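For the sequence shown, the working numbering assigns the number 10 to the initial residue and increments by one for each residue that follows.
Virtual Cβ for every residue (Gly too), placed ideally from N, Cα, C.
In this text the structure is predicted, and so the values were computed from the model without any measurement.
In what follows, a structure is listed as structure tokens, so that the remarks can point back to it.
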Amino acid sequence: MNSKLCGIIVSLFVLSHLNLNAQIILVDKTDRSVVAFAQVTDEKGNTIAMSDMDGRVCMDGKDGQAFIVKHLSYEPEKVKISHLTDGDTLWLSPVNYNLNEVSVSARQLDYIHLRAYFRSYQQNDSCLKYFKDGIVHYYIPLRGKRVRRHMEASRLLENKSLIAKDRKRANSVIDKYITTPYLEGKTLFERIKSQADAFEEGLPFAKLFIGGVPTGVCKQDSLTRRVEYDALALEGGKREGKLFGYTTRIEEFVQTEIYRRRTGYQSYLDLLSHRDYRKIFYKYKKDNREQLVEVTDELYVLSQAYVTAEEMKQALKEEKEALGVEENYWLNPAIPPIHEYLQSVLERELLPAE
């Protein structure tokens, strides 16, 4: 009797730890088109897989394990691998961006004004270490000049318990990579189109060359109005450097933008969101292991309009003279939420920087 009971317990234990896998297809719930370039993460926010051009993605995990499917154009979906079988379809609901259409008048226009929410966060070995977010204004010139940037509100949080564990060295390098996103004079799509050799709009995958020199890969998905630039795809997937005994290796550097229109000229008036993702490995001299650092910068446009130079000057003056800022600006329902696990860590373990 005891041996049979032990056998049953062992069998249940083995079954509960079996690895399961399934290849599914991600599909837009409204127009039934496949969803390419969707990101699949585990419950701690670690990237597990990415859907291909046909919307297919392979999931592999233990029975009961949950995954989150995310895409800047769609609401996140949480699924358990035990509920999936090969060939299943996962329907994704498009995000509803409620940006007003921009009207153009006959007056002399000088800038595109964007008001946006940004967040930049850093994970060291999958643990959230730094977080910065805020409301920022960009004034992008229509003719030459430099982009003007003004911060309306911001906060900087740190995981002080992780920082306390950093080893002190004679030549220490601070591993803080978070930043306020900087927008160049042209959108990602505009820069690729104007600089790359023989760039063809609409191709789902294209190697990019400037003056015959390979500079990365561009992926376009007109259905989700998404453009992605992988800067390291043609460099063997990495870029290395050394400083003060530290060896740093960048293995991923991907920029993504989503626009309101599916085809045609994509200016900052069409921009809905911008995202940078960097995966960095570094170690000091003969350390036994490398540390993995993942940095994500996200920007979501809240409003956009043409303005004159005088209107920009007046707006900057009013913003500087403002007595207060919007409290809890990060709770704006127009802002897509951060991964729920990272949100819980943010609330429990991070404190304002001194």
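Problem - Separation of G211 from Q264, as counted between CA atoms - result: Counting from one through the sequence shown, the residue named residue 264 turns up at place 255. Counting from one through the sequence shown, the residue named residue 211 turns up at place 202. Distance between the alpha carbons of Q264 and G211 is about 17 Å.
Problem - Nonlocal neighbours in the same chain, by C-beta distance under 6 Å from R284, ignoring five residues either side - result: If you number the sequence shown from 1, residue 284 lands on position 275. For R284, where only same-chain residues beyond five positions count, the Cβ hits under 6 Å are T265, E307.
Problem - Environment of A115 [buried if 16+ CB atoms lie within 10 Å] - result: The count along the sequence shown starts at 1 and reaches residue 115 at position 106. Low per-residue confidence applies at A115: pLDDT is 42, beneath 50, and the placement is therefore not dependable enough to give any value.
Problem - Neighbourhood of V310 by C-beta distance below 8 Å, restricted to the same chain and skipping five residues each side - result: In the sequence shown, residue 310 corresponds to position 301, counting from 1. Result list for V310: L108, L123, R124, A125, L280, L281, S282, in chain order.
Exercise for the section: Could you please give the first and the last residue of the uninterrupted beta strand (DSSP E) stretch that includes R128? Expected result: The sequence position of residue 128 within the sequence shown is 119, counting from 1. Run containing R128: 120–133, per the beta strand (DSSP E) assignment.
Exercise for the section: Counting only runs of 4+ residues fully inside the region 175–239, write out the alpha helix (DSSP H) ranges in chain order. Expected result: 197–204
Handout entry: Identity of the residues DSSP links to M321 by a beta bridge
Key = By 1-based counting over the sequence shown, the position of residue 321 is 312. Its beta-bridge partners do not exist; DSSP assigns none.
Problem - Cβ-based burial, C15 [other Cβ within 10 Å; buried from 16] - result: Residue mapping note: residue 15 aligns to position 6 of the sequence shown, counting from 1. Note that C15 has pLDDT 49, beneath the 50 cutoff, so the model's placement of it is unreliable and the number below is only indicative. By the neighbour-count rule (16 or more Cβ atoms within 10 Å), C15 is not buried but exposed.
Problem - Exposure label - N168; buried when at least 16 CB within 10 Å - result: Counted from its first residue, the sequence shown places residue 168 at position 159. That one is buried.
Problem - Cα-Cα separation between V78 and S60, rounded to whole angstroms - result: If you number the sequence shown from 1, residue 78 lands on position 69. If you number the sequence shown from 1, residue 60 lands on position 51. Approximately 10 Å, taken between the alpha carbons.
Exercise for the section: Look at I259 and R287 and say whether their C-beta atoms are less than 8 Å apart. Expected result: For the purposes of this step, residue 259 is identified with residue 250 of the sequence shown, where counting begins at 1. For the purposes of this step, residue 287 is identified with residue 278 of the sequence shown, where counting begins at 1. Yes, these two residues count as a Cβ contact at 8 Å.
Handout entry: Touching by the beta-carbon criterion (3+ pairs, under 8 Å), the region 344–360 and the region 48–57
Key = yes
Problem - Among E261, I34, E84, the one whose alpha carbon lies nearest that of D63 - result: Stepping through the sequence shown from its first residue, residue 63 is reached at position 54. Checking every option, the nearest Cα to that of D63 belongs to I34.
Practice task
List the DSSP bridge partners of H283.
Solution key: Here residue 283 refers to the residue found at position 274 of the sequence shown. In DSSP, H283 forms a bridge with E266, L308.
Handout entry: Buried versus exposed, by CB contacts within 10 Å (16 or more), Q300
Key = Against the sequence shown, residue 300 aligns to sequence position 291. Counting Cβ neighbours within 10 Å, Q300 comes out exposed, since fewer than 16 surround it.
Practice task
Use the C-beta contact count for V222: other C-beta atoms within 10 angstroms, 16 or more gives buried, fewer gives exposed.
Solution key: On the sequence shown, residue 222 is found 213 positions in, with the first residue counted as 1. V222 should be labelled exposed.
Exercise for the section: Look at A362 and L165 and say whether their C-beta atoms are less than 8 Å apart. Expected result: By 1-based counting over the sequence shown, the position of residue 362 is 353. By 1-based counting over the sequence shown, the position of residue 165 is 156. The answer is yes: Cβ separation under 8 Å.
Exercise for the section: Have a look at the DSSP bridge pairing and note the partners of G73. Expected result: Translated into the one-based positions of the sequence shown, residue 73 becomes position 64. Per DSSP, G73 has no beta-bridge partner at all.
Practice task
Using the Cα positions of A343 and Y120, report the straight-line distance between them to the nearest angstrom.
Solution key: Walking along the sequence shown from the start, residue 343 turns up at place 334. Walking along the sequence shown from the start, residue 120 turns up at place 111. Going by the C-alpha atoms only, they are around 24 Å apart.
Handout entry: Between the CA atoms of L340 and V43 - distance to the nearest angstrom
Key = Within the sequence shown, numbered from 1, the residue matching residue 43 stands at position 34. Within the sequence shown, numbered from 1, the residue matching residue 340 stands at position 331. Looking at the two C-alpha atoms, the distance is approximately 31 Å.
Exercise for the section: Taking all protein chains shown into account, decide if C227 is buried (16 or more other Cβ within 10 angstroms of its Cβ) or exposed. Expected result: The residue given as residue 227 occupies position 218 in the sequence shown. By the neighbour-count rule (16 or more Cβ atoms within 10 Å), C227 is buried.
Handout entry: Which of helix, strand or coil DSSP assigns to H92
Key = Residue mapping note: residue 92 aligns to position 83 of the sequence shown, counting from 1. Correct three-state label for H92: helix.
Practice task
Determine the DSSP secondary structure at I344, reduced to helix, strand or coil.
Solution key: Here residue 344 refers to the residue found at position 335 when the sequence shown is read from its first residue. Coil, per DSSP.
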